[in-house]
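Novice: Using my numbering, read the sequence shown as starting at 261 and increasing by one per residue.
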Amino acid sequence: MLKEIFEQPRSILDTFRGRIATDLSAIHLGGLFDIMPKLIAAKRIIMIGCGTSWHAGLVGEYLFEELARIPVEVEYASEFRYRNPVIYKDDVILAISQSGETADTLAAIELAKEAGATVLGICNVVGSSIPRETHAGVYTHAGPEIGVASTKAFTAQVTVLTMMALVLGKERGKLPEEAYKKIIGELSSVPNKIKEILTQDDLIKKVAALYKDASNCLYLGRGFQFPVALEGALKLKEISYIHAEGYPAAEMKHGPIALIDEKMPVFFIATKDKSYEKIVSNIQEVKARKGIVIAIVTKGDTVIKNIADHVIEVPDANEAIAPLLTVVPLQLLSYHIAVMRECNVDQPRNLAKSVTVE
Ligand code: M6R
261 MLKEIFEQPR
271 SILDTFRGRI
281 ATDLSAIHLG
291 GLFDIMPKLI
301 AAKRIIMIGC
311 GTSWHAGLVG
321 EYLFEELARI
331 PVEVEYASEF
341 RYRNPVIYKD
351 DVILAISQSG
361 ETADTLAAIE
371 LAKEAGATVL
381 GICNVVGSSI
391 PRETHAGVYT
401 HAGPEIGVAS
411 TKAFTAQVTV
421 LTMMALVLGK
431 ERGKLPEEAY
441 KKIIGELSSV
451 PNKIKEILTQ
461 DDLIKKVAAL
471 YKDASNCLYL
481 GRGFQFPVAL
491 EGALKLKEIS
501 YIHAEGYPAA
511 EMKHGPIALI
521 DEKMPVFFIA
531 TKDKSYEKIV
541 SNIQEVKARK
551 GIVIAIVTKG
561 DTVIKNIADH
571 VIEVPDANEA
581 IAPLLTVVPL
591 QLLSYHIAVM
601 RECNVDQPRN
611 LAKSVTVE
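Following this line, the structure appears as structure tokens:
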């Protein structure tokens with residue numbers, strides 16, 4: 261898992277390869293070429309997946325709605341397949357999967373095809389079942405992911421979703437050329453920014469040592485960072501067996517705030533974006549109840565540094581790009597906590613790398 265976390269600067273470059281023009285002026289997604297007219301005309305996109313791939317879909321929802329102004333729904337494949345969902349022929353279903361073999365995702369694809377929708381895939385394993393069952397798609401090219409806890413596959417999925425949202429935004433006339441190029445530039449700087457985050461591994465390990473014996477943890481984020489909160493909580497629970505929950509930070513008041521006491525570590529993803537002021541007040545609310553705050557912040561942030569117990573900095577980035585950065589310290593935190601608890605991080609109990617049965 262550690263190897264795969266550290267591979268991310270390289271794996272994201274592999275996801276870009278041949279797709280982002282060297283002068284950073286355009287993105288070409290060859291796998292979607294034939295299907296592009298349908299995608300541009302789509303009235304809505306339904307993203308389906310399980311686990312971490314579902315979280316990538318949630319980031320995708322923010323990306324597609326923000327950059328391409330297409331309505332998106334994100335569904336657990338396991339719910340979608342049994343819910344008798346309303347599927348229109350002009351819907352585009354986007355299945356997201358690392359392995360390409362997840363039983364629920366495959367069954368949901370079958371259902372969508374029977375309903376006459378266009379079905380696309382974002383997949384890591386070349387030649388697996390999902391790319392064979394879908395009409396078109398984009399490979400993530402993150403390389404083999406062996407650790408059961410998905411890390412580099414997630415950042416590769418989000419990278420593909422960002423590229424798709426940019427292309428669609430431009431083709432649909434919703435994203436001005438200048439913004440399109442600016443975000444491509446930002447996206448291309450992600451590998452170096454992740455390298456910078458990885459240099460803080462020792463600091464992250466020290467923070468992990470302080471909270472390795474926690475029984476419960478809360479992960480909170482807003483907007484683009486809400487799915488990252490879910491992903492951070494999933495990483496912790498699956499490899500360290502600590503109970504962890506992710507929530508949109510604003511939902512805290514509607515229940516989880518009752519859990520907060522001096523023993524409760526609360527991980528905030530609080531980078532500088534349009535929700536910043538709001539999340540600062542959420543942090544103050546947790547501190548007022550004696551909760552422990554560990555915040556992932558934008559480099560140079562002094563406001564949160566003065567309130568939180570610990571801050572881990574990530575380089576400044578456009579809010580649409582920031583999930584690719586903020587997830588990395590959360591992966592490392594989970595990894596170190598699990599190792600300190602003597603858990604087998606690569607083969608956590610009760611889990612399989614790919615869930616090929618119901
Ligand atoms: O291969 P898939 O992406 O379809 O797998 C989906 C989930 O089983 C997977 O993401 C799982 O949640 C991981 N263990 C998360 O780290």
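Each residue gets a CB set at the ideal place from its N, CA and C atoms; glycine is no exception.
The structure presented is a predicted model; accordingly, all values stated were derived computationally and were not measured.
1. Classify L299 as helix, strand or coil using the three-state DSSP reduction.
2. Figure out for me which residue from L289, V563, F293, S285 has the closest Cα to the Cα of I444.
3. Suppose only complete runs of 4+ residues qualify. What are the alpha helix (DSSP H) ranges in the stretch 274-358, listed by chain order?
4. Any heavy atom of the ligand M6R closer than 8 Å to the Cβ of K532?
5. What is the residue span of the beta strand (DSSP E) that F528 lies within?
6. Is the stretch 456-464 touching the stretch 292-312 in the sense that three or more CB pairs, one from each, lie closer than 8 Å?
7. In this structure, does DSSP put K398 in helix, strand or coil?
8. Beta-carbon within less than 6 Å of Y507's beta-carbon, same chain only, minus the 5 sequence neighbours each way: which residues are those?
9. Determine whether the beta carbon atoms of A530 and A510 lie at a separation below 9 Å.
10. Kindly indicate which residue of I464, L323, G360 has the alpha-carbon position closest to the one of G429.
11. If you reduce the DSSP assignment to three classes, tell me which class Y501 lands in.
12. Tell me whether A555 sits in a helix, a strand or coil according to DSSP, three-state version.
13. State the DSSP-derived secondary structure class of N476, mapped to helix, strand or coil.
14. Evaluate contact between the stretch 448-458 and the stretch 564-577, counting only Cβ atoms and requiring at least three cross-stretch pairs below 8 Å.
15. Grab the span of the beta strand (DSSP E) containing I572 for me, first residue to last.
Specialist: Taking the coordinates as given:
1. helix
2. S285
3. 296-301, 311-323, 337-340
4. no
5. 525-530
6. no
7. It should be noted that the sequence gives Val, not Lys, for residue 398. DSSP places V398 in strand when its eight states are reduced to three.
8. L480, P516
9. no
10. L323
11. coil
12. strand
13. strand
14. yes
15. 570-574
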